[in-house]
Structure formats: C-alpha cells, structure tokens
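As structure tokens, the structure follows; a few thoughts come after it.
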Amino acid sequence: MPRWYPVALSADLRPGANIVAGFAEGQELALWRSADGAAQAWDNRCPHRSVRFTLGRVVEDRLSCAYHGWQYAAGNGQCVSIPAHPAMQAPRNVCAKVFGAVDAAGMLWVNLLSQDASAAPPSLADAVPAGWHFCRTLTLRAGAKDVRDALAQHGLAADTAAGAFRGVLEGVQSVALVLDAQPQLTFVHLWTEASPGSDAMKTLHTAARNLRGAIETQG
Ligand code: FES
10 MPRWYPVALS
20 ADLRPGANIV
30 AGFAEGQELA
40 LWRSADGAAQ
50 AWDNRCPHRS
60 VRFTLGRVVE
70 DRLSCAYHGW
80 QYAAGNGQCV
90 SIPAHPAMQA
100 PRNVCAKVFG
110 AVDAAGMLWV
120 NLLSQDASAA
130 PPSLADAVPA
140 GWHFCRTLTL
150 RAGAKDVRDA
160 LAQHGLAADT
170 AAGAFRGVLE
180 GVQSVALVLD
190 AQPQLTFVHL
200 WTEASPGSDA
210 MKTLHTAARN
220 LRGAIETQG
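To convert, note that position 48 of the sequence shown is 57 in my numbering; the numbers rise steadily by one, no gaps.
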C-alpha cells in the first residue's frame with residue numbers, strides 16, 4: 010500500500026490563499042488549495058528555473074511563481090500562462106511535479122508515489138476520532154523509526170491501517186501521527202480528546218515536551 014504522510018493541518022491551508030512549506034521523506038513540498046478548496050501538494054521547485062514555489066502566490070486555481078510569474082494549474086501542474094508574453098502559448102511540456110493529496114481526520118496527507126488523491130485508503134479518516142482536538146506538532150531531531158519505537162515504549166499502540174499511534178500520555182487520551190520528514194527529522198502531530206485550554210490539554214503539552222526530551226536524549 011502506498012504510504013500517505015500527514016504533512017500539515019488541513020485548517021492551515023486556506024482556499025485560493027496561502028502556500029505552506031512541507032516535507033515528507035526528504036521531499037520538499039509546496040502545499041496549497043485552489044479556490045474551490047482542492048488540496049495540492051507539489052515539489053517545491055518551479056520547473057522553469059527551480060525557484061521555490063513557496064515564494065510565489067495562489068491566483069484562483071493556479072500557482073504563480075515568484076520569479077518570472079509563470080502560472081501552473083491546480084490538479085495536473087501544467088504551465089498555462091506566461092504573463093510576460095501573453096500572446097505566447099504556454100509550453101505543453103512544462104509541468105510542476107504533482108503528488109497525491111487528500112484531507113482526512115483534520116490533516117492534509119500526501120502520497121509521494123502517486124498523483125491520485127482518490128487512491129487514499131478510507132482508514133485515513135479514522136486516524137483521529139471525530140471531535141478530538143489538535144494539541145501540537147512536535148519537531149524531533151531523530152529518525153522516524155526511533156520515534157515510532159519510542160512511542161510504542163511509552164504505551165502508544167500502532168494502528169497501521171490508519172498510520173496512527175493511540176494511547177494514554179500522562180493520563181490523557183491521545184493520538185500521535187508520525188511524519189518521516191527527513192532522515193534525522195521527524196514530526197509528530199498530537200491530537201487528543203482533551204478540550205482546548207483544559208488542564209488535561211496543559212498536561213499533554215508538558216507530556217509532549219518530556220517525550221521529545223526523552224527521544225532526543227536516547228538518540
Ligand atoms: S523560475 Fe519560476 S517562472 Fe521562472
């Protein structure tokens with residue numbers, strides 16, 4: 010089964026507005042939404058002169074590169090406009106590299122091996138129980154395998170179908186979603202049944218910091 014990586018909070022991407030930088034397995038990503046809300050995950054390099062797409066801007070259903078302003082279409086990444094030469098046909102062979110992207114359980118998930126968002130397994134929707142709240146994203150200077158091992162040691166059980174770790178941290182029901190960002194950089198998105206601002210949420214924040222310390226010390 011191709012792997013889907015939880016690269017960003019869905020709520021952080023506004024339709025037709027911002028571009029968010031992301032990583033999965035060392036692949037640098039430009040994450041954005043077209044005006045109709047469809048999630049986009051692209052290689053963060055313009056195919057013209059390799060300038061980062063995250064420096065550009067979203068124009069309706071296109072991403073416009075910051076350097077020469079070439080515009081690329083949501084969905085297939087095809088170059089569709091070169092504003093400096095409006096009479097010129099955009100070259101058909103110039104395309105942004107596009108990855109599969111889908112929203113599920115409050116996260117944007119990316120598949121590096123496919124452009125097909127419809128190939129996402131339905132189990133992603135179960136990664137986080139409905140009504141739970143986002144706590145924080147931990148940035149860990151450690152490999153993803155070490156992080157997964159440490160989560161298991163702390164009593165969180167792996168749910169491989171959903172790509173999640175579930176269990177209790179310092180008495181608080183939690184779900185950890187692990188993102189293999191780079192060889193020695195791992196992100197853990199922590200969700201919980203605790204309400205924002207509650208004592209349980211504060212406890213979980215402290216537990217998360219302690220967890221990060223324990224994992225990085227082990228490494
Ligand atoms: S580098 Fe992107 S349009 Fe030229």
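Cβ coordinates follow ideal geometry from the N, Cα and C atoms, glycine included. Just so it is clear, the structure is predicted and the values come from calculations on it, not from any experiment.
Among all the DSSP beta bridges, which residues are the ones paired with residue 16?
-> On the sequence shown, position 7 is the one that residue 16 refers to. Beta-bridge pairing links residue 16 to no other residue.
_Distance cut-off 7 angstroms: residue 60 Cβ against heavy atoms of the ligand FES_ = As a first step, residue 60 is located in the sequence shown; it is residue number 51 there, counting from the start. Result yes, Cβ under 7 angstroms from the ligand FES.
Rounding to the nearest angstrom, what Cα-Cα distance links residue 219 and residue 178 in this structure? Position 210 of the sequence shown, counting from 1, holds the residue named residue 219. Position 169 of the sequence shown, counting from 1, holds the residue named residue 178. For residue 219 and residue 178, the distance between alpha carbons rounds to 10 angstroms.
- Message: I'd like the list of long-range same chain contacts for residue 77, defined as Cβ closer than 8 angstroms, with 5 residues on each side in sequence excluded.
- Response: Residue 77 sits at position 68 when you count from the first residue of the sequence shown. The residues are 57, 58, 91, 93.
Review point. Apart from the five residues just before and just after residue 198, which ones in its own chain have a Cβ nearer than 6 angstroms to its Cβ?
Key: The residue you call residue 198 lines up with position 189 of the sequence shown. Counting only Cβ-Cβ distances below 6 angstroms, and skipping sequence neighbours, we find 15, 146, 186.
By Cβ distance below 7 angstroms, which residues in the same chain neighbour residue 75 in space, the five residues on each side in sequence not counted?
If you number the sequence shown from 1, residue 75 lands on position 66. These residues qualify, in order along the chain: 60, 64, 65.
Exercise. At a cut-off of 7 angstroms, is residue 57 close to the ligand FES when judged by its beta-carbon and the heavy atoms of the ligand?
Worked result: Here the question's residue 57 lines up with position 48 in the sequence shown. Within the cutoff, so yes.
- [ ] Run through the stretch 48-130 for me and flag every whole alpha helix (DSSP H) of 4 or more residues, listed as ranges in chain order.
- [x] If we require 4 residues or more, the stretch 48-130 turns out to have no alpha helix (DSSP H) run fully inside it.
Whole angstroms is fine: what's the gap from residue 152's alpha carbon to residue 96's? For the purposes of this step, residue 152 is taken as the residue at position 143 of the sequence shown. For the purposes of this step, residue 96 is taken as the residue at position 87 of the sequence shown. Looking at the two C-alpha atoms, the distance is approximately 50 angstroms.
Where does residue 42 sit, in a helix, a strand or coil, going by DSSP? Mapped onto the sequence shown, residue 42 falls at position 33. Strand, per DSSP.
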